[in-house]
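Here's the structure, in structure tokens; my notes come after.
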Amino acid sequence: MVFEIEITSCEYEGNSCVNLVNQQHNHKGRHDDDDDQQHEQRLRSEHNDDCSGGGGGNDVHHDEQIIKEEVDSSEGPMTVVPVSNPNIFYDEPKFVGLKNLGNTCYANSTLQALYGSNKLRQYLLNLQHPSTTAGGGYAVIKPEEFICEFRLIKPQFVRNEQHDAQEFLTILLECIHQEDNKIKKNKLAKLNVEPKNAQEAWQLHLERVDNSFYSRLFVGQSESVLECFECKHSSLSWSSFWQLNLHLKNDNDNGNGDRELSIQQCIQEYMAWEILNDATFCENCQRKQKSRKRLTICRAPHYLIVHLKRFTHTGSKITRKVTINQTLEICDKKYDIYSCILHRGTETTGHYFTLVRPYYHSWLLFDDESISNDTQKEWVEHWLQNYSYICFYRAVANKVIAWN
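Note that full-length UniProt numbering has the sequence shown beginning at 1, numbered continuously upward.
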């Protein structure tokens, strides 16, 4: 068994992402994820009056007090607008809306979901940038500088066209990871080594491929088992992953239209045995044999990103309802959901928006410029079940935070 490592690079100039995060949060937060759990009771008590839910509708609810003023482009590429409802903003973290610059809801929803990742946010806030602008006391940021910078590196994200939030997320994480990666691109591009176990494979991964703050937060490790049907010989290999890409079947596939489906079930199916159509070479038999394969997660990351593959290779959208588990248990970690990127509409005329749940608060709804805390539990469950696309889970201690 050979563990083959390939090193890739992603050219990323400037610190637009750092600048944007600092605009959303005008001071460095005091707590990371573990500290947030310790202070949860105090913070929930302080904000108890603000956490009560309100009504909802079949569409995304917009708080009437949320700012609706147009942004004056003459004020610069990162224009901000004064807040008209300061009660929806809290000390840790501070949230602001993001101006839609023309079909940029895919980027806005992704940035809001990532901003809810405490450890990532605090790390970016600790980075210094001379053009940092404070975001406290404002409701909307126009992230034109960041979007323009991103399009310089990835010109496929052209203006005024629909784009995929999952593709944007993948590229963005790769770019900021490469900026911080201690493994430089002048390292040997390929190394053939043979790790004996998952721990050794992970150590080689850190030494030879990925060693950044971002990879330590978001990257997990999977183990692949290939078993020969004839002699039962098994071969092992290991690889890293930034997110779990879970297949969804249409409601009527295989007559399972009425069967309830949850993320936990999707993960179980992801790790189930799969009989391979083509014969594979067996090291023990020394010839090709029928075989089966299984993937398991042997190292779970701190932040687990779960991508529900709602879009097929033909471009159509799978609209099947999925129950979003509040908690997950993988390997030795217990997870609690804190963000979800949602997609409403069709594959050609859809819209992205985001749900984020800080430790000390109930769910907040982000829809471009608008932020609403008028999110009753039944409506949160409705949005998650019908529109969920990318779910973000954080590793927690023994205690799991309640939904509301």
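Cβ atoms here follow ideal geometry from the backbone N, Cα and C, with glycine treated the same way.
Owing to the predicted nature of the structure, the values given are computational and were not obtained by experimental measurement.
Item, Value
"Helix, strand or coil, according to DSSP, for E329 in the structure here?", "strand"
"According to DSSP, is V209 helix, strand or coil?", "coil"
"Pull up the distance between the alpha-carbon of K119 and that of Q162, whole angstroms please.", "30 Å"
"Under 8 Å: do the stretch 219-236 and the stretch 312-322 share three or more Cβ pairs, one atom per stretch?", "no"
"If you draw a straight line from the alpha carbon of C285 to that of Q265, how long is it in whole angstroms?", "35 Å"
"Output yes or no for whether 8 Å exceeds the beta carbon distance between Y393 and I341.", "no"
"Report the rounded CA-to-CA distance for E378 versus Y338, giving the unit in angstroms.", "17 Å"
"Just confirm the distance between the C-beta atoms of W242 and V209, as a whole number of angstroms; I'd bet it's less than 8 Å.", "So it is not a contact: roughly 12 Å between Cβ atoms."
"Can you grab the Cα-Cα spacing for the pair S316 / Y387, in whole Å?", "15 Å"
"Note down the Cα distance separating D367 from S291, rounded to an integer number of angstroms.", "47 Å"
"Quick one: what's got a C-beta closer than 6 Å to G345's C-beta in the same chain, skipping five residues either side?", "H351"
"Just to confirm my understanding: we take L248, look at its own chain, exclude 5 residues before and 5 after, and list those with CB closer than 8 Å. What are they?", "L261, C266, L308, K309, R310, I318, R320 and V322"
"Within 10 angstroms of its Cβ, does E369 collect 16 or more other Cβ (buried), or is it exposed?", "buried"
"By the three-class DSSP mapping on this structure, what secondary structure does F241 have?", "strand"
"Would you call R357 buried or exposed, if buried means 16 or more other Cβ atoms sit within 10 Å of its Cβ?", "buried"
"Excluding the 5 residues preceding and the 5 following I330 in the sequence, name in chain order all residues of the same chain whose CB lies nearer than 8 Å to its CB.", "I267, I297, A300 and L304"
"Using a 10 Å radius around the Cβ and a threshold of 16 neighbouring Cβ atoms, would you call R287 buried or exposed?", "exposed"
"Looking at the secondary structure, which residues open and close the beta strand (DSSP E) in which residue 438 lies?", "Limits of the chain in this structure are 1 at one end and 404 at the other, which puts residue 438 out of reach."
"Checking 8 Å against the spacing of the C-beta atoms, do C228 and C175 come in under that value?", "no"
"Spatial neighbours of N58 within its chain, please: CB distance less than 6 Å, with the 5 preceding and 5 following residues excluded, ordered by chain position.", "Confidence is the limiting factor: at N58 the pLDDT is only 33, short of 50, which leaves the residue's position unreliable, though a coordinate-based value still follows. For N58, where only same-chain residues beyond five positions count, there are no Cβ hits under 6 Å."
"State buried or exposed for G116, treating a residue as buried only when at least 16 other CB atoms are found within 10 Å of its CB.", "buried"
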